[in-house]
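> Residue numbers (my numbering), protein chains in the order written: chain A, 68 to 348; chain B, 20 to 280; chain C, 16 to 247.
Each residue gets a CB set at the ideal place from its N, CA and C atoms; glycine is no exception.
Predicted model only: the values in this text are computed from it and were never measured.
Before I ask anything, here is the structure I am working with.
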Amino acid sequence: MSRYNFAYLDEQTKRMIRRAILKAVAIPGYQVPFGSREMPLSYGWGTGGVQVTASVIGPDDVLKVIDQGADDTTNAVSIRRFFERTAGVRTTTRTTQATLIQSRHRIPETPLAPGQILVLQVPIPEPLRWLEPREAETRKMHALEEYGAMHVRLYEDITRHGKVAQTYEYPVIVDGRYLMRPSPIPKWDNPKLDRNPALLLFGAGREKRIYAVPPHTSVRSLDFEDHPFEVERWDRPCALCGASDSYLDEIVVDDKGGRMFVCSDTDFCAQQQGRREDGEP
Amino acid sequence: MSDAGERPLLRVRGLTRFYGSRVGCLDIGFDLWPGEVLGLVGESGSGKTTVLDCLSGRRAASAGRAEYAARDGAIVDVLRMAEAPRRRLLRAEWGVVHQNPRDGLRMTVTAGANVGERLMDLGARHYGAIRGQAIDWLDQVEIARDRIDDAPESFSGGMLQRLQIARNLVIRPRLVLMDEPTGSLDVSVQARLLDLLRGLVAELNLSAIVVTHDLAVARLLAHRLVVIKSGEAVETGLTDQVLDDPQHPYTLLLVSSVLHP
Amino acid sequence: MSATGIEVRAVEKTFTLHGQGGLRLPVLRRVSLTVNAAECVVLTDPSGAGKSTLLRAVYGNYVVQAGHILVHHGDGIVDIVGAEPRLVLEIRRRSVGYVSQFLRVIPRVPTLEVVAEPLQALGVSRTMAVDRARSMLERLRIPERLWALSPVTFSGGEQQRINVARVFVVGYPILLLDEPTAALDAASREVVVELIGEARARGAAVLGAVHDAGVRAAVATRTQALADSEAT
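Structure, rendered in structure tokens:
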């Protein structure tokens with residue numbers, strides 16, 4: 068074991084972050100300020116997510132880390148190794164075997180179960196920042212539930228593009244009250260937020276905010292009655308596993324414009340391929 | 020106008036605001052009836068804008084009451100309300116027209132969005148219906164329909180002010196506060212705007228409090244006037260009476276100082 | 016006072032010239048007079064004696080320092096002196112019409128609208144209001160080509176006829192007329208005389224200031240001088 072405290076952070080810091088998390092869980096979708104610490108990775112690389120994970124992880128946890136759905140990209144590998152070194156926990160690529168999942172920009176395709184925790188990395192937590200640069204004002208808007216401006220944004224999109232142009236980080240209303248920015252997950256993942264049996268935690272290190280969606284909480288994507296919220300569609304299944312109910316990445320394979328579509332969630336894809344080999348549907 | 024058995028829409032008593040030891044406004048009182056336009060006139064710095072600011076919540080009053088008869092029948096003292104319910108009430112039932120229309124508009128979103136925002140604030144969620152109402156209101160304020168998707172940055176001063184008016188009236192407020200609504204406009208543009216305001220006030224049975232230093236605007240728009248000097252009301256009465264037969268020396272000074280071309 | 020009418024009781028009006036050191040000018044000194052239904056009382060004083068002042072006081076446009084001005088309004092009687100501004104506006108809408116010496120013009124409002132507006136304010140349908148406005152304008156010989164224009168650029172005589180039209184298009188039970196024919200030619204004067212006669216015939220009480228002897232003779236049922244109406 069290394070010379071670091073368990074999971075790198077000192078115990079006082081963990082208590083402070085846990086208090087923030089408790090408050091966030093008590094007020095679904097509300098951004099709780101916290102004393103974000105200097106971490107051994109740059110801002111923009113998941114310092115918030117790492118601090119949340121470090122505060123909730125215990126020696127018996129099984130940790131999975133993904134980045135854009137994949138367990139094997141640089142970011143995911145680095146963070147997983149970080150916790151292997153500082154916490155000595157078991158790690159896994161299997162969603163079903165993890166107790167704690169830290170993710171950048173995706174929610175796993177495999178449905179989560181009660182007792183699991185998903186930690187999402189958030190760059191900009193404030194959904195109204197595009198409209199109002201002043202923190203004092205956005206806090207007031209949240210306190211007074213003045214969200215008309217967000218619908219203005221959607222209105223403008225429909226006016227300019229015929230539909231809402233936002234395809235990721237699509238704004239939602241949590242528990243019928245707070246407007247929330249669900250981190251840069253694709254629209255495809257928004258429905259998974261709604262009444263998820265797992266605990267969803269969101270950490271923004273640079274902006275120093277934590278928020279949460281407790282299990283079984285309603286999360287509704289903003290839309291208009293005559294322009295309802297819709298997820299993405301592909302005209303073909305995953306080229307590797309044949310799934311047609313998963314978010315597909317487009318991969319360029321040659322210089323002639325050849326491309327293939329494969330599941331972004333590598334674990335899900337691998338499981339599907341396994342099942343196909345076993346003759347399951 | 021309505022029969023005498025009715026309640027005033029707004030009853031202001033003892034409205035006072037100090038800036039340190041300086042008087043902003045002192046012991047201002049008046050009733051505002053449904054369908055009535057009240058003009059607050061006086062020179063710059065007289066305190067008339069302070070009265071408006073206290074009513075709209077932009078500034079806190081030092082003392083006084085402002086009892087408003089809400090749409091649901093409740094009588095609320097808007098000066099004593101907590102901020103959240105007061106902001107909600109104002110969004111749903113009042114309008115505020117600023118002297119500089121840029122203060123009352125979102126300059127970077129389309130005209131249609133500017134008009135529709137108040138509706139969306141109140142829960143409107145049908146894009147087609149919102150857009151339809153926005154078009155109706157652009158018609159009402161004489162802005163060409165094909166400007167609905169233009170950002171107001173390209174609009175003239177008069178158009179901006181008319182857009183601000185549309186943005187406020189779309190929710191059919193019962194009371195509109197206006198601060199020098201024609202202040203920054205050229206004369207012919209002013210005339211057009213005043214004409215529009217007159218028409219809308221009559222058509223929608225609006226109540227309004229109009230702050231102006233321009234007596235011609237007051238004569239055109241207001242049924243009654245309150246003349247304010249150094250924060251205090253020195254005279255009040257029917258507009259034509261106050262302007263044609265001023266009783267207070269200050270009112271006489273104002274009236275006789277107006278240039279006639 | 017009869018069923019419609021005006022009763023002025025001991026009205027005093029003094030102008031204070033604040034700009035000239037508070038110089039006080041009494042204009043109406045305890046004036047009393049009565050106008051009954053179907054009467055046309057014409058004030059005969061020379062200029063400056065307070066005829067316009069009295070008319071304006073009855074209309075609620077001028078403030079008086081003492082006395083009472085009782086007018087019939089609906090089924091009751093109201094004292095204009097000290098009346099709530101809203102009530103005065105209501106009285107002006109329904110009961111008292113006032114032809115002032117000058118037409119106050121609002122830019123951009125077309126002549127037809129100017130004349131139709133008082134009817135619409137009373138709840139008359141737009142079609143009927145416009146119809147009656149047209150008839151009245153025709154009667155007062157305002158050419159149709161001017162109806163869509165604002166009176167801003169019209170001659171004094173045209174403006175005065177529009178002023179008359181605007182008041183007579185409504186059947187007010189009480190009429191206050193301040194030199195209604197001053198700038199008019201003979202033919203137009205005739206029309207105004209007719210209109211006054213018709214008003215009286217339907218029971219209106221008319222109080223006016225008219226200096227033209229011919230018109231006065233044609234319309235007055237009684238003449239009165241303010242000087243004689245003043246108590247000592």
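Please compile the residues from chain B whose C-beta is within a distance smaller than 9 angstroms of the C-beta of asparagine 76 of chain C.
To locate residue 76 of chain C, count along the third sequence from 1; it is residue 61. Here the neighbours are Leu257, Asp259, Gln260, Asp263, Asp264.
> Classify tyrosine 30 of chain C: buried if its beta carbon has 16 or more other beta carbons within 10 angstroms, exposed otherwise.
The residue labelled residue 30 of chain C in the question sits at position 15 within the third sequence. The question names tyrosine, but residue 30 of chain C is phenylalanine in the sequence shown. So phenylalanine 30 of chain C counts as exposed.
> What residues in the stretch 214 to 237 of chain B have a beta carbon less than 7 angstroms from any beta carbon of chain C?
Asp214
> Are leucine 244 of chain B and threonine 258 of chain B close, meaning C-beta to C-beta below 7 angstroms?
What you label residue 244 of chain B is simply residue 225 of the second sequence in a count that begins at 1. What you label residue 258 of chain B is simply residue 239 of the second sequence in a count that begins at 1. Against a cut-off of 7 angstroms, the Cβ pair of threonine 258 of chain B and leucine 244 of chain B comes out as a contact.
> Need the endpoints of the beta strand (DSSP E) that lysine 323 of chain A sits in, please.
Residue mapping note: residue 323 of chain A aligns to position 256 of the first sequence, counting from 1. Looking at the DSSP string, lysine 323 of chain A is not in any beta strand (DSSP E), and its letter there is neither H nor E.
> So is arginine 106 of chain B in contact with chain A if we call contact Cβ pairs under 7 angstroms?
Here the question's residue 106 of chain B lines up with position 87 in the second sequence. Interface residue, yes.
> Only counting the same chain, and skipping five residues up and downstream in sequence, which positions put a Cβ closer than 6 angstroms to that of leucine 268 of chain A?
The count along the first sequence starts at 1 and reaches residue 268 of chain A at position 201. The residues are Val119, Val186, Ala279.
> Can you grab the Cα-Cα spacing for the pair alanine 160 of chain B / serine 109 of chain A, in whole Å?
Mapped onto the second sequence, residue 160 of chain B falls at position 141. Mapped onto the first sequence, residue 109 of chain A falls at position 42. The sequence shown places valine at residue 160 of chain B, not alanine. So the alpha carbons of these two residues sit roughly 53 angstroms apart.
> Around the C-beta of aspartate 91 of chain B, are 16 or more other C-beta atoms found within 10 angstroms, so that it is buried, or is it exposed?
Reading the second sequence from its first residue, position 72 is the one you call residue 91 of chain B. Aspartate 91 of chain B comes out exposed.
> Using a threshold of 7 angstroms, state whether the C-beta atoms of valine 70 of chain B and leucine 59 of chain B are closer than that.
Counted from its first residue, the second sequence places residue 70 of chain B at position 51. Counted from its first residue, the second sequence places residue 59 of chain B at position 40. Going by C-beta atoms, valine 70 of chain B is nearer than 7 angstroms to leucine 59 of chain B.
> Please report how far the alpha carbon of serine 122 of chain A lies from the alpha carbon of serine 173 of chain B, in whole angstroms.
Within the first sequence, the letter at position 55 stands for residue 122 of chain A. Within the second sequence, the letter at position 154 stands for residue 173 of chain B. Whole-angstrom Cα-Cα distance: 52 angstroms.
> Can you check whether the C-beta of alanine 88 of chain B is within less than 7 angstroms of a C-beta belonging to chain C?
Within the second sequence, the letter at position 69 stands for residue 88 of chain B. No - not a single Cβ of chain C is within 7 angstroms of the one on alanine 88 of chain B.
> Per the DSSP calculation, lysine 119 of chain B is bridged to which residue(s)?
Numbered from its first residue, the second sequence carries residue 119 of chain B at position 100. Just to set this straight, residue 119 of chain B is asparagine in the shown sequence, not lysine. Note: asparagine 119 of chain B sits in no beta bridge, so no partner.
> Would you check if the stretch 134 to 148 of chain C and the stretch 193 to 213 of chain C touch, i.e. whether three or more CB-CB distances between them fall below 8 angstroms?
no
> Quick one: what's tyrosine 113 of chain C bridged to in DSSP?
On the third sequence, position 98 is the one that residue 113 of chain C refers to. Its beta-bridge partners are C:Leu191.
> Helix, strand or coil, according to DSSP, for glycine 83 of chain B in the structure here?
If you number the second sequence from 1, residue 83 of chain B lands on position 64. If DSSP states are grouped into helix, strand and coil, glycine 83 of chain B belongs with the strands.
> Determine the contact status of methionine 139 of chain B and glycine 215 of chain A, defining contact as a CB-CB distance below 7 angstroms.
Position 120 of the second sequence holds residue 139 of chain B. Position 148 of the first sequence holds residue 215 of chain A. Going by C-beta atoms, methionine 139 of chain B is nearer than 7 angstroms to glycine 215 of chain A.
> Within 10 angstroms of its Cβ, does aspartate 127 of chain A collect 16 or more other Cβ (buried), or is it exposed?
Taking the first sequence and counting its residues from 1, the one referred to as residue 127 of chain A is at position 60. So aspartate 127 of chain A ends up on the exposed side.
> Going straight from the alpha carbon of phenylalanine 150 of chain A to that of glutamine 169 of chain A, what length do you get?
Your numbering for residue 150 of chain A matches position 83 in the first sequence. Your numbering for residue 169 of chain A matches position 102 in the first sequence. Approximately 11 angstroms between the Cα atoms of the pair.
> When DSSP labels each residue in this structure, what does glutamate 226 of chain B get in the three-state scheme?
As a position in the second sequence, residue 226 of chain B is number 207, starting the count at 1. Rather than glutamate, the amino acid found at residue 226 of chain B in this sequence is serine. In the structure shown, serine 226 of chain B sits in a strand (DSSP, three-state: E or B).
> Taking the straight line between their C-alpha atoms, what separation do you get for glutamate 213 of chain A and histidine 117 of chain B?
If you number the first sequence from 1, residue 213 of chain A lands on position 146. If you number the second sequence from 1, residue 117 of chain B lands on position 98. Roughly 20 angstroms separates the two Cα atoms.
> Kindly indicate the opening and closing residues of the beta strand (DSSP E) around cysteine 55 of chain C.
Along the third sequence, one-based indexing puts residue 55 of chain C at 40. Note, cysteine 55 of chain C: beta strand (DSSP E), 55 to 58.
> Strictly below 9 angstroms CB to CB, what residues from chain B border glycine 34 of chain C?
As a first step, residue 34 of chain C is located in the third sequence; it is residue number 19 there, counting from the start. Chain B residues near glycine 34 of chain C: Pro268, Leu271, Leu272, Ser275.
> Give me the chain B residues within the contact set of proline 122 of chain C, using Cβ-Cβ distance strictly less than 7 angstroms, ordered along the chain.
Mapped onto the third sequence, residue 122 of chain C falls at position 107. Contact annotation for proline 122 of chain C against chain B: Ala210 [CB-CB distance below 7 angstroms, chain order].
> Can you name, in chain order, every residue of its own chain whose Cβ lies under 8 angstroms from the Cβ of threonine 127 of chain B, other than the five neighbours on each side?
Numbered from its first residue, the second sequence carries residue 127 of chain B at position 108. Excluding residues within five positions, the ones whose Cβ falls inside 8 angstroms are Ala170, Glu172.
> Nearest CA to the CA of alanine 53 of chain C: which residue from C:Ser244, C:Ala224, C:Ala214?
Here residue 53 of chain C corresponds to residue number 38 of the third sequence, with the count starting at 1. Minimum Cα distance to alanine 53 of chain C is reached at C:Ala214.
> Could you work out which residues of chain A lie near valine 128 of chain B, taking near to mean beta carbons separated by less than 7 angstroms?
Walking along the second sequence from the start, residue 128 of chain B turns up at place 109. The answer, in chain order, is Val219, Glu223.
> Does the structure place the stretch 257 to 266 of chain A close enough to the stretch 171 to 190 of chain B that three or more beta carbon pairs sit under 8 angstroms?
No contact exists between the stretch 171 to 190 of chain B and the stretch 257 to 266 of chain A.
> Do valine 15 of chain C and glycine 112 of chain C have their C-beta atoms closer together than 7 angstroms?
In the structure as shown, chain C begins at 16 and stops at 247. Residue 15 of chain C is therefore absent and cannot be evaluated.
> Give the DSSP-derived three-state secondary structure of arginine 181 of chain C in the structure shown.
Along the third sequence, one-based indexing puts residue 181 of chain C at 166. Here arginine 181 of chain C sits in helix by DSSP.
> I want to see whether chain F comes within less than 7 angstroms of methionine 139 of chain B, judged by CB atoms only; does it?
No chain F appears in this structure, whose protein chains are A, B and C.
> Can you find a C-beta in chain B that's less than 7 angstroms from the C-beta of histidine 294 of chain A?
Counted from its first residue, the first sequence places residue 294 of chain A at position 227. Taking Cβ atoms only, chain B reaches closer than 7 angstroms to histidine 294 of chain A, which makes this a yes.
> At a Cβ threshold of 7 angstroms, is methionine 20 of chain B touching chain C?
The sequence position of residue 20 of chain B within the second sequence is 1, counting from 1. Interpretation of methionine 20 of chain B is limited by its pLDDT of 42, a score under 50 that renders its predicted location unreliable; no figure is taken from the coordinates.
> Give, in chain order, every residue of the stretch 158 to 179 of chain A whose Cβ lies closer than 7 angstroms to some Cβ of chain B.
none
> Within the continuous beta strand (DSSP E) that includes valine 170 of chain A, where are the two ends?
The residue you call residue 170 of chain A lines up with position 103 of the first sequence. Valine is not the amino acid found at residue 170 of chain A; the sequence shown has serine there. That run of the beta strand (DSSP E) goes 167 to 171.
> Does the distance from the C-beta atom of glutamate 245 of chain C to that of arginine 71 of chain C stay below 7 angstroms?
Against the third sequence, residue 245 of chain C aligns to sequence position 230. Against the third sequence, residue 71 of chain C aligns to sequence position 56. Using a Cβ distance threshold of 7 angstroms, glutamate 245 of chain C and arginine 71 of chain C do not count as a contacting pair.
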